[in-house]
Every structure is written in structure tokens, then in C-alpha cells.
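Residue numbers (our numbering), protein chains in the order written: chain D, 11 to 432; chain R, 4 to 98. Beta carbons are placed, not taken as given, at the ideal position from N, Cα and C, and that holds for glycine.
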């Protein structure tokens, strides 16, 4: 009854381009507000900068060399071992576990089932409008519809008149409403698709980032000392119609400067759009008075290169592709329990120019890893933390290769901190 | 001590030079694995031979290396690996 609920928010391809990570250009007031009540890790790194391997790694608490998933084509329970997952462990400890949107990477790497029934109490939800993501729904300058990389849309115009992340937010709020009256604690994982490509977002968000304010990456050239093997030739975005039309030479041809700015503009606009979805979700948590009984963890599966080193997309070992946002809101630990009726996560409109600058929450500079999510979430929820894995650990169903980050949440530090701040 | 905190990452490649599947090689096509060790001071990466059938990396066969110092090169544009002649692998790396 007193167990803390868990809301795990995983954002696809989100680098640390957020206000709470010091990026002054980005309008992300709702995530910044979450950060102001959280413990934020400034230097958190993914174990591999590509979707499925990273997600399977942090959701099983094992490194890619143990999951043996470096691509998209195997299921760890077949390829490597019957490793328990974070949601599975919560389920086995009496939680109702639910998945909305992109949590596991769809397809073979999660057995075409998001690892159901092992990980989830109910069938995972996928937004119906996702099937249009890569179709010709982007109106080009010629007035025709294309499958572009840069795809600001009029939501009323797109099939089903909605977008995947909007549907995911709506579904997640419905599930929270349902769990409000449940006697069991819940573990709800919500996976947002944006800012993963294509940059398909409500076109009004482009106004937040006028092109004249957009700069190039600080180091847009391929560094002379970069070994060719380390270079990521960003083949995926080259297949989008608008990039293909640039006729770039492979692998080192660079994108024209004005188009580089447009890509960066649309990535940032996608981030602000995603921020509004997170804002609506957290506002609902408040409205349902679940804020004082729910841990909120916020992270992404890896970053994204926005022209740094002449690269785009992920697929490398650079910091811009492996560094991720990672923060935890723990009621009564990272922030005082909200008074009755007090709202911690009131929705903030990113278009609201007066939204005041957020007071940052506590931050940790130490380097940490996404593979630490398993021991950390279980520890914060008061569950028994799985033991360290032996080497090798293919034969061990439940163990973890990451360090627990619980030591950073020590209460006395926080009390000290709060009195100081008080 | 923040200096003790370490983060490991890795990335696979099908070949030493960029090609159409360099970004997302299928397991059977992986020939090189880039292992990175990060500390608050530097990022050190070795790109070593990888056998996809045995799932084995061969740290004795280094194809390339990267070494960036956070303070002097936070954007990781100046690879110092060759300047240090690759140096001996940090002890913690030798299998």
C-alpha cells in the first residue's frame, strides 16, 4: 500500500539540449520544472548510441557485450540469456506494469511483443498514428507531400488528425486515472518518439526557433585526426527525400549551411513539442494527487549529433551521441512532499515568454551510466536491489552490471541542502 | 571522488572505412568494435577487431584509437591518441 509508484519517461534520441542542462536556446520549461524538483545527473552516458541495443541494455541492466545485441536482430532471451527486465522485476514485486509508446524498441529485439508477457501486466500500447511517421505526410515547398527529414505539419492535415506522442500522452493519463483507485502500486513507462527522425511536429513550434537565431554546431567539420572507423556516415537521414535532393557525396560530403540550420531548428522544435507532452503528463500526475506517491525518472536512449564533427544522427562514441539526460524526482527525497493541493508540475506553455527561469534542482557531476537505471530505480522504490552480476552472467536471470546511484540520494545531504535553500 | 566515476560505451563497425552499413551493421557483418572509457578528465577509445561468431573482441589488434582531454578539448575535435603513440592500454582495459 505504501509502495511508491514509478513513472519512467524515455525520450527517443534526446541529447542534453534542454534548459536544465544549460542550453539557453531551448524552450523546455516542463522538463526544467521536473529537474528543479529532481536529482539531475549532468554526465550520464548510454552504453551504445543506437536504439535497440541501448534500450535492451538499460532495461535488463546488462551491457551490450552481455545482451549480445549490437544491432536490431536478436532477442536477448534467445541470443544471450533469460535476463529479467526492470518492469518484470517490478511486476514480480506486486506492481501493475504498463508500457505506452516506444519503451522497448519494436521488432525482433523485443520479440515482437515489447517483451510481453514477461515485462508487462497489460498489453503495451502503441499509438495508431505511428504508422504514418515515415510516409509522405510532409508538405514540401512544391505543395506536394513528401517523406522528408524536416516535417513541420498542420496537425489537422495529417492522417487521423493527431500525432503519436499526443496519443501516448492521452493514453498514459487514462492509465494514471485508472491506477488512482487501484490498491496495487504501478510502474508506468512512457516512451516518446520525438525528437527521433523524421522531425514531424506541429509547425507552430518552429516559431520558437527563428532561423536567424540558429547557429551551426561549434565544430561542424570532420576533425582531421578522426580515424575513419570512428566516423558515422549518417546514412539514415540521407534516405529522406529532402536530404537526398541535396545530392551529397558519401561519406564526407557536408550538408549546405542553410540546411544544417534547418535541421537544427527542427530538432529543437521537436524537443519543445515533446516537452509539452511531458508537461501534460506531469500536470495530470499532480491533478490526480499522485505526485506525493510517485517516483518520476526521465531519460533517453542516447543522444544525437547535430553537425558536430561533420556528423548527424547517433551511431558513434562521441559525447554528443552517448550523453543523455537523466533525472529522478523522488517524493520526500529530492523535494519535500507537496502540501495538500500544492502543485509541483503545473503545465507551462513554452510559448509563454514570461515563464520564469527555473531554480535548478540538485545536480551530480560524477559520470554515471544508463545501465545503472535498474539498481537505482529498484532501490528508490524500496525493493531489494538485485546483486552484482558475476562474469560471465549469461546463466544468471537476475543481476545487474551497473552501479546503484542510491548514494547520491542520501537524505541528510538533501535536508542540509533544503535548510540551506530554505 | 568524481575522478573515480567511469562510463563505458561501445559501437560496432563493419569495416575500417565508412560504407553504406557503417551506422547499423548486422551482427554477422561486425568486424570492429569501438570501446570507450570515459572519466571526468578524458575519453579514451580503442577500435579493436571483433569476431561476431565468438562475440570476442581482440584488444591486441587495435585498428585505431582516440584520446580527448575534457579540459583542453571539450568538443573532442583534437584526437591525441597518436600523439601519445597510443600509449600502453590502461591496465583496466587488458582483458
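message: Suppose you measure from the CA of residue 337(D) to the CA of residue 389(D); what does that come to, to the nearest Å?
response: Residue 337(D) sits at position 327 when you count from the first residue of the first chain. Residue 389(D) sits at position 379 when you count from the first residue of the first chain. Here the alpha carbons of residue 389(D) and residue 337(D) stand approximately 15 Å from one another.
- request: Output the distance between the C-alpha atoms of residue 418(D) and residue 339(D), rounded to the nearest integer angstrom.
  value: The residue labelled residue 418(D) in the question sits at position 408 within the first chain. The residue labelled residue 339(D) in the question sits at position 329 within the first chain. Rounded to the nearest whole angstrom, the CA to CA distance from residue 418(D) to residue 339(D) is 13 Å.
task: Measure from the C-beta of residue 29(R) to each C-beta in chain D and report whether the shortest distance is under 7 Å.
output: Working through the second chain from its first residue, we reach residue 29(R) at position 26. The beta carbon of residue 29(R) sits closer than 7 Å to some beta carbon of chain D.
query: Do residue 55(R) and residue 27(R) have their C-beta atoms within less than 7 Å of each other?
result: As a position in the second chain, residue 55(R) is number 52, starting the count at 1. As a position in the second chain, residue 27(R) is number 24, starting the count at 1. No, Cβ-Cβ distance for residue 55(R) and residue 27(R) is not below 7 Å.
Supposed contact pair residue 175(D) and residue 287(D) - C-beta distance, whole angstroms, cut 8 Å: The count along the first chain starts at 1 and reaches residue 287(D) at position 277. The count along the first chain starts at 1 and reaches residue 175(D) at position 165. Contact holds; Cβ gap of about 5 Å.
- request: Could you name the residues of chain D that residue 9(R) contacts, counting a contact when the two beta carbons are closer than 8 Å?
  value: Here the question's residue 9(R) lines up with position 6 in the second chain. Neighbours of residue 9(R) on chain D, chain order: 377.
message: Taking beta-carbon pairs under 9 Å, can you tell me which members of the region 229-252 of chain D lie near chain R?
response: Residues 229, 231, 233, 234, 235, 236, 237, 238, 239, 240, 241, 242, 243, 244, 245, 246.
field: Straight-line Cα distance separating residue 26(D) from residue 38(D)
entry: What you label residue 38(D) is simply residue 28 of the first chain in a count that begins at 1. What you label residue 26(D) is simply residue 16 of the first chain in a count that begins at 1. Their Cα atoms are separated by approximately 11 Å.
task: Go ahead and pull the three-state DSSP assignment for residue 20(D).
output: Within the first chain, numbered from 1, the residue matching residue 20(D) stands at position 10. In the structure shown, residue 20(D) sits in a strand (DSSP, three-state: E or B).
query: Got a sec: is the Cβ-Cβ distance from residue 78(R) to anything in chain D below 7 Å?
result: As a working mapping, residue 78(R) is identified with position 75 in the second chain. Chain D, which has a Cβ nearer than 7 Å to the Cβ of residue 78(R), makes this yes.
message: For chain R, check one thing: does any of its Cβ atoms lie closer than 7 Å to the Cβ of residue 28(D)?
response: For the purposes of this step, residue 28(D) is taken as the residue at position 18 of the first chain. Closer than 7 Å: no.
Neighbourhood of residue 342(D) by C-beta, 8 Å cutoff - its chain only, sequence neighbours within 5 removed: Within the first chain, numbered from 1, the residue matching residue 342(D) stands at position 332. Taking C-beta separations shorter than 8 Å and ignoring five residues to either side along the sequence, the partners of residue 342(D) in its chain run 302, following chain order.
- prompt: Mind listing which residues of the region 304-320 of chain D have their C-beta closer than 8 Å to chain R's C-betas, in chain order?
  reply: Within the region 304-320 of chain D, contact with chain R at the beta-carbon level (separation under 8 Å) is assigned to 318, 319.
Closest Cα partner of residue 30(D) within the set 374(D), 387(D), 407(D): Taking the first residue of the first chain as position 1, residue 30(D) is located at position 20. Nearest of 374(D), 387(D), 407(D) to residue 30(D), Cα basis: 374(D).
message: Under 7 Å, Cβ to Cβ, is there at least one residue of chain R near residue 128(D)?
response: Along the first chain, one-based indexing puts residue 128(D) at 118. Cβ-Cβ to chain R under 7 Å: no for residue 128(D).
- prompt: Do you know how far the Cα of residue 280(D) is from the Cα of residue 97(R)?
  reply: The residue given as residue 97(R) occupies position 94 in the second chain. The residue given as residue 280(D) occupies position 270 in the first chain. With a pLDDT of only 39 at residue 97(R), under the threshold of 50, the placement of this residue in the model should not be trusted, and no figure is reported.
- prompt: If you compare alpha carbons, which of 48(D), 16(D), 12(D) is closest to residue 369(D)?
  reply: By one-based count along the first chain, residue 369(D) stands at place 359. Of the candidates 48(D), 16(D), 12(D), the residue whose Cα lies closest to the Cα of residue 369(D) is 48(D).
task: Evaluate residue 11(R) with the Cβ neighbour count: other Cβ atoms within 10 Å of its Cβ, from every protein chain shown; 16 or more gives buried, anything less gives exposed.
output: As a position in the second chain, residue 11(R) is number 8, starting the count at 1. Under this definition residue 11(R) is a buried residue.
message: Give the list of continuous beta strand (DSSP E) stretches no shorter than 3 residues that lie fully inside the region 32-65 of chain R.
response: Considered as a whole, the region 32-65 of chain R harbours 35-41, 45-54 as its complete beta strand (DSSP E) runs of no fewer than 3 residues, in chain order.
Close Cβ partners of residue 125(D) (< 7 Å) along its chain, the five nearest in sequence each way excluded: Numbered from 1 along the first chain, position 115 holds the residue referred to as residue 125(D). So the list reads 95, 114, once near-sequence residues are dropped.
task: Would you check if the distance between the CB atom of residue 142(D) and the CB atom of residue 215(D) is smaller than 7 Å?
output: Your numbering for residue 142(D) matches position 132 in the first chain. Your numbering for residue 215(D) matches position 205 in the first chain. Their beta carbons are not under 7 Å apart, which means residue 142(D) does not touch residue 215(D) by this criterion.
message: Bridge partners for residue 122(D) per DSSP, in chain order?
response: By one-based count along the first chain, residue 122(D) stands at place 112. According to DSSP, which records beta bridges pairwise, residue 122(D) is partnered with nothing at all.
message: Is the beta carbon of residue 274(D) closer than 7 Å to that of residue 305(D)?
response: Numbered from 1 along the first chain, position 295 holds the residue referred to as residue 305(D). Numbered from 1 along the first chain, position 264 holds the residue referred to as residue 274(D). Not closer than 7 Å, so no.
task: Taking residue 80(D) as the query, report the chain R residues whose CB atoms sit under 7 Å from its CB, ordered along the chain.
output: Along the first chain, one-based indexing puts residue 80(D) at 70. Those within 7 Å of residue 80(D) in chain R are 15, 30, 33.
field: Proximal residues, the region 62-75 of chain D versus chain B, C-beta separation under 8 Å
entry: Looking for chain B here will not work: the only protein chains present are D and R.
task: For residue 92(D), count neighbouring C-beta atoms within 10 Å of its own C-beta (all shown protein chains included) and say buried if the count is 16 or more, exposed if not.
output: Position 82 of the first chain, counted from the start, is the residue given in the question as residue 92(D). Burial call: exposed.
- request: Go to residue 350(D), then tell me how far its alpha helix (DSSP H) extends in each direction, as first and last residue.
  value: For this step, residue 350(D) is matched to residue 340 along the first chain. Unbroken run through residue 350(D): none, as it is neither H nor E.
task: Flag residue 82(R) as yes if its beta-carbon sits less than 7 Å from any beta-carbon of chain D, otherwise no.
output: Counting from one through the second chain, the residue named residue 82(R) turns up at place 79. Closer than 7 Å to some Cβ of chain D, the Cβ of residue 82(R) qualifies, so yes.
query: Quick one: what's got a C-beta closer than 6 Å to residue 129(D)'s C-beta in the same chain, skipping five residues either side?
result: Indexing the first chain from 1 puts residue 129(D) at position 119. So the list reads 95, 97, 98, once near-sequence residues are dropped.
- prompt: For residue 8(R) versus residue 246(D), is the C-beta spacing smaller than 7 Å?
  reply: Taking the second chain and counting its residues from 1, one reaches residue 8(R) at position 5. Taking the first chain and counting its residues from 1, one reaches residue 246(D) at position 236. Contact flag unset, no.
query: CB-CB under 8 Å to residue 402(D), same chain, minus the five flanking residues each way: which ones, in chain order?
result: Taking the first residue of the first chain as 1, we reach residue 402(D) at position 392. 76, listed in sequence order.
task: Please check the pair residue 298(D) and residue 188(D), which I expect to be a contact at CB under 8 Å, by giving their CB distance rounded to whole angstroms.
output: Within the first chain, the letter at position 288 stands for residue 298(D). Within the first chain, the letter at position 178 stands for residue 188(D). With a contact defined as Cβ atoms closer than 8 Å, residue 298(D) and residue 188(D) miss out at about 10 Å.
message: With three or more C-beta pairs closer than 8 Å as the rule, is the region 251-263 of chain D touching the region 164-183 of chain D?
response: The answer is no - the region 251-263 of chain D does not touch the region 164-183 of chain D, with fewer than three Cβ pairs under 8 Å.
message: When you compare the CB of residue 98(R) with every CB in chain D, is at least one pair closer than 7 Å?
response: Counting from 1 along the second chain, the entry for residue 98(R) is found at position 95. With a pLDDT of only 34 at residue 98(R), under 50, the local geometry of the prediction cannot be trusted, and the value read off the model is given with reservation. Under the Cβ criterion of 7 Å, residue 98(R) is not counted among the residues facing chain D.
- prompt: From this set, 285(D), 123(D), 88(D), which residue's C-alpha is nearest residue 355(D)'s C-alpha?
  reply: As a working mapping, residue 355(D) is identified with position 345 in the first chain. The residue among 285(D), 123(D), 88(D) with its C-alpha nearest the C-alpha of residue 355(D) is 285(D).
message: Please report the straight-line C-alpha distance between residue 24(D) and residue 80(R), rounded to a whole angstrom.
response: Along the first chain, one-based indexing puts residue 24(D) at 14. Along the second chain, one-based indexing puts residue 80(R) at 77. The alpha-carbon separation between residue 24(D) and residue 80(R) amounts to approximately 22 Å.
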